[in-house]
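Order-wise, the sequence lines are chains L and R. The opening position of the first sequence corresponds to residue 1 in full-length UniProt numbering, with each subsequent residue numbered one higher. The opening position of the second sequence corresponds to residue 1 in full-length UniProt numbering, with each subsequent residue numbered one higher. In what follows, a single structure is set out as structure tokens and then discussed.
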Amino acid sequence: MSTVFILADFFEGKATKVTFELATAAARIGDVAAIVLAPIGQGAARAKTLTNGPITSIIVVENSDFQDYGVSACADAITQLISQKSPVALLVASNAFGKEIAANVAVKTNSGVITDAVDIDSNLTATQVIFGGSATVHSKVSQGTSIVTLRPNCITPDLTLSSATIENIALTISASAKKATVKSSQAPVKGGRPELTEANIVVSGGRGTNGDFVAVEAFADSLGAAVGASRAATDAGWYPHSHQVGQTGKTVSPQLYVACGISGAIQHRAGMQTSKAIIVINKDTEAPIFELADFGVIGDLFSVLPAATEGVNARKS
Amino acid sequence: MKIAVCIKQVPDSWAEKKMVNGTLDRENVDAVLNDLDEYAVEEALRIVEAHGGNDEGGPNSVTVISMGPARATDAVRKALSMGANAAILITDAALAGADALLTSEVLAKVISTEGFDLVICGTESTDARMSVVPAMISARLDWPQLTFAGSVTVDPSLSYVSISRVTEAGVDLIEASFPALISVVEKINEPRYPSFKGIMAAKKRNIETKDLVAIGVKAQSAWSQVIDSQLRPPRAAGIKITDDGTGGAQLVDFLAESKLI
Ligand SMILES: Cc1cc2nc3c(=O)[nH]c(=O)nc-3n(C[C@H](O)[C@H](O)[C@H](O)COP(=O)(O)OP(=O)(O)OC[C@H]3O[C@@H](n4cnc5c(N)ncnc54)[C@H](O)[C@@H]3O)c2cc1C
Ligand SMILES: Nc1ncnc2c1ncn2[C@@H]1O[C@H](COP(=O)(O)O)[C@@H](O)[C@H]1O
């Protein structure tokens with residue numbers, strides 16, 4: 001059976017949800033080999049967090065160059081592993097890092113790349129949703145290893161227990177991958193709420209909050225949801241940039257997206273249009289975001305949200 | 001310092017988009033300069049302005065490079081009117097529908113023959129939305145990759161450049177020596193509007209147009225292929241209510257009916 005590489009994604013030393021989504025998609029195609037790129041001494045601990053999901057083998061590479069030289073060093077390691085093991089495909093998460101890994105490895109291995117896929121089948125046909133959700137495209141890599149970046153939260157992860165074998169491989173990173181030096185790194189602060197791209201529910205606030213996110217946060221907490229924001233809200237400094245949803249922020253695909261006081265500019269839609277269900281709260285009946293709404297409330301978010309929060313909390317107790 | 005900026009002409013993101021044979025129909029929509037590339041042009045101008053400006057004959061210059069159809073001259077002209085010195089447009093019938101691998105090959109080839117110190121890209125084109133071309137260019141040129149920059153600092157006397165990389169993985173400080181490739185995020189600056197003087201000056205500038213033969217690249221078969229594409233059915237019209245005091249409660253009923261709580 002052919003081998004499919006996935007690049008395991010970690011946060012604070014633990015494999016993230018998207019890693020298991022990648023494994024689940026990869027298992028349709030062949031044996032799943034999860035690549036763990038780790039700082040010295042952390043490979044085994046990271047591999048241990050991969051015991052769920054349909055993973056056949058775990059390839060652990062420990063190297064301090066991954067921290068010191070970032071994307072280029074990681075891409076160099078993956079390129080070397082590809083020439084050793086000849087996988088049919090490489091699946092990575094569709095985020096800034098994953099896309100750049102895909103780009104570098106594609107050039108180094110002369111392979112085609114498909115980004116931002118929402119699905120991939122056993123024949124390596126990838127599905128993308130483009131033009132702000134208005135069209136679906138099926139495409140396939142026709143040269144080299146199929147390199148595909150998968151959008152988080154689009155595939156239901158299979159979390160059955162696996163008993164993957166672990167292989168440690170030592171690699172020397174090539175000099176040309178060490179030209180940009182990472183002087184310092186500051187990880188994002190993780191709040192108490194779920195991560196935006198992983199969350200089942202996202203509640204977002206825009207300019208309509210007028211800087212007051214209390215009602216948005218309270219509703220999010222009643223649902224166990226992540227909090228997002230439009231660019232108007234992040235630009236105004238009302239909410240951290242890391243919570244921005246949209247073309248130049250994060251792309252989310254939750255089961256439910258709640259847009260509060262957001263008009264629905266094309267750049268915002270680009271980041272939330274593949275949400276399964278969409279609820280809108282907006283004062284302006286003409287706001288374009290209503291075009292996407294499965295359930296829309298024309299009203300003031302400062303009265304609708306508290307009432308809804310109370311309603312959700314009441315049902316829980 | 002010689003700086004190049006890679007810019008792309010894209011269909012206006014507000015325009016309705018259509019597919020023809022699996023690729024975007026670019027003929028019949030308004031085309032504009034990719035707005036994320038305006039930040040790249042602006043940053044290049046700010047860098048040279050902080051180091052003596054880019055007057056003709058001086059040590060600094062900003063060259064815009066674009067690959068696209070002949071009508072991409074409009075987008076190129078816009079970048080020139082912001083203050084860039086020169087422009088190269090690679091246009092060739094064989095490049096229609098080019099994917100990122102071919103695009104990056106063409107751009108890298110042009111860049112490699114001109115002796116630039118820095119190349120600046122946007123992070124993403126609003127049509128392809130791949131965010132891969134900058135990394136591909138750096139991989140092809142074997143240049144350091146300083147991508148997703150939220151700020152850029154250069155010291156030309158030391159051929160030194162550093163950026164703060166801003167992504168969902170946090171903030172990294174990354175440094176390298178010239179020549180280097182940078183991509184900038186839209187938080188980095190506020191692009192200027194072309195001045196009247198700039199617009200007039202841009203009209204007089206020559207846009208150097210080259211085809212694949214001139215740059216010595218052979219268009220090869222694509223690395224990926226579209227199998228099919230369909231317009232998605234429009235979202236079924238949802239429920240829309242006006243809040244009369246019960247809006248919140250009705251919303252919760254909807255959540256319950258849809259098994260979302
Ligand atoms: C290059 C570029 C990239 C961009 N990237 C992004 C991106 O990634 N993400 C993004 O979001 N935007 C992005 N934008 C910005 C985008 O174009 C819009 O400006 C932005 O999304 C608007 O945010 P908003 O909907 O919160 O504000 P507005 O458009 O001002 O809408 C506010 C809405 O709130 C409603 N409202 C006001 N008060 C209330 C109330 N009390 N109760 C209920 N409703 C109320 C109003 O009716 C209005 O519809 C980008 C723009 C550019 C040029
Ligand atoms: N055809 C092109 N001509 C010039 N620059 C381009 C072209 N395509 C992409 N770029 C550059 O690469 C960046 C990212 O594009 P993409 O990878 O297509 O999302 C853009 O912001 C441009 O700076």
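All residues carry an ideal CB built from backbone N, CA and C; glycine is no exception.
Assuming residue i and residue j are in contact, meaning their beta carbons sit under 8 Å apart, how far apart are those beta carbons, in whole angstroms?
i              : j              : result
residue 208(L) : residue 247(L) : Not confirmed; about 20 Å, so no contact.
residue 226(L) : residue 194(L) : 5 Å
residue 288(R) : residue 179(R) : The requested residue 288(R) is not part of the displayed model; chain R covers only 1 to 261.
residue 29(L)  : residue 88(L)  : 7 Å
residue 309(L) : residue 213(L) : With 8 Å as the limit, residue 309(L) and residue 213(L) do not qualify as a contact, their Cβ atoms being about 13 Å apart.
residue 128(R) : residue 75(R)  : That pair is no contact at about 15 Å.
Can you confirm whether residue i, when its beta carbon is compared against all beta carbons of chain L, has any partner nearer than 8 Å?
i              : result
residue 243(R) : yes
residue 131(R) : yes
residue 228(R) : yes
residue 219(R) : no
residue 265(R) : Because residue 265(R) is not part of the residues shown, which for chain R are 1 to 261, the question remains open.
residue 109(R) : no
residue 7(R)   : no
residue 118(R) : no
residue 67(R)  : no
residue 210(R) : no
Against chain R, with Cβ distances strictly below 8 Å, would residue i count as a contact?
i              : result
residue 143(L) : yes
residue 86(L)  : no
residue 46(L)  : no
residue 5(L)   : no
residue 198(L) : no
residue 100(L) : yes
residue 112(L) : yes
residue 162(L) : no
residue 186(L) : yes
residue 209(L) : no
residue 221(L) : no
residue 97(L)  : yes
residue 42(L)  : no
residue 279(L) : yes
residue 65(L)  : no
residue 165(L) : no
residue 116(L) : yes
residue 242(L) : yes
residue 133(L) : yes
residue 107(L) : yes
residue 202(L) : no
residue 151(L) : no
Buried or exposed: where does residue i fall if 16 or more other Cβ atoms within 10 Å of its Cβ makes it buried?
i              : result
residue 1(L)   : exposed
residue 269(L) : buried
residue 315(L) : exposed
residue 114(R) : exposed
residue 161(L) : exposed
residue 228(R) : exposed
residue 304(L) : buried
residue 200(R) : exposed
residue 233(R) : exposed
residue 213(R) : exposed
residue 53(R)  : exposed
residue 43(R)  : buried
residue 236(R) : exposed
residue 239(R) : exposed
residue 59(R)  : exposed
Scan the segment 142-153 of chain R for residues whose Cβ lies nearer than 8 Å to a Cβ of chain L and list them as they occur along the chain.
-> Within the segment 142-153 of chain R, the residues whose Cβ lies closer than 8 Å to some Cβ of chain L are 142, 143, 144, 145, 146, 147, 148, listed in chain order.
Against chain R: residues of the segment 285-303 of chain L by CB proximity under 9 Å = Under the 9 Å Cβ criterion, the segment 285-303 of chain L contributes 285, 290, 291, 292, 293, 294, 295, 296, 297, 298, 299, 300, 303.
Output, in sequence order along the chain, the residues in the segment 7-37 of chain L whose CB is closer than 7 Å to any CB in chain R.
-> Nothing from the segment 7-37 of chain L brings a Cβ to less than 7 Å from some Cβ of chain R.
Please go through the segment 38-83 of chain L and give each complete beta strand (DSSP E) segment of 3 or more residues, from N-terminal end onward.
-> If we require 3 residues or more, the beta strand (DSSP E) runs fully inside the segment 38-83 of chain L come out as 57-62.
With 7 Å as the limit, tell me which residues of the segment 32-54 of chain R have their beta carbon closer than that to any beta carbon of chain L; keep them in chain order.
-> Listed by position along the chain: nothing, the set is empty.
What residues in the segment 175-188 of chain R have a beta carbon less than 8 Å from any beta carbon of chain L?
-> Residues passing the 8 Å Cβ filter: 175, 176, 177, 180, 185, 186, 187.
Return the residues of the segment 246-259 of chain R that lie within a Cβ-Cβ distance of less than 9 Å from chain L, sorted by chain order.
-> Per Cβ criterion, the list reads 246, 247, 248, 249, 250, 251, 252, 253, 254, 255, 256, 258.
Of the residues that make up the segment 156-171 of chain R, which ones have a beta carbon closer than 7 Å to any beta carbon in chain L?
-> Those residues of the segment 156-171 of chain R that come within reach of chain L (Cβ to Cβ, closer than 7 Å) are 167, 168, 169, 170, 171.
Residues of the segment 87-106 of chain R with a CB closer than 9 Å to any CB of chain L: list them in chain order, please.
-> So the list reads 99, 100, 101, 104, 105, given in the order they occur along the chain.
With a floor of 4 residues, list each alpha helix (DSSP H) that falls wholly inside the segment 243-311 of chain L, ordered by position along the chain.
-> As for any alpha helix (DSSP H) of minimum length 4 sitting wholly inside the segment 243-311 of chain L, the runs are 266-269, ordered along the chain.
Listed from N- to C-terminal order along the chain, which residues in the segment 244-268 of chain L have their beta-carbon within a distance smaller than 8 Å of any beta-carbon of chain R?
-> Hits within the stretch, in order: 247, 248, 250, 255, 256, 266, 267.
Can you check the segment 203-230 of chain L for any beta strand (DSSP E) of at least 3 residues that lies completely inside it and give the ranges in chain order?
-> Inside the segment 203-230 of chain L, DSSP marks whole beta strand (DSSP E) runs of 3 or more residues at positions 226-229, from first to last along the chain.
Uninterrupted beta strand (DSSP E) stretches inside the segment 25-95 of chain R (no shorter than 3 residues) | DSSP runs (the beta strand (DSSP E)) wholly in the segment 25-95 of chain R: 31-33, 61-67, 86-90.
Continuous beta strand (DSSP E) assignments of at least 3 residues falling wholly in the segment 161-204 of chain R = Runs of the beta strand (DSSP E) lying entirely within the segment 161-204 of chain R and spanning at least 3 residues, in chain order: 170-177, 180-184.
Give, in chain order, every unbroken run of the beta strand (DSSP E) that is at least 3 residues long and sits entirely within the segment 141-213 of chain L.
-> Entirely contained in the segment 141-213 of chain L, the beta strand (DSSP E) runs reaching 3 residues are, in chain order, 146-150, 165-168, 181-186, 201-205.
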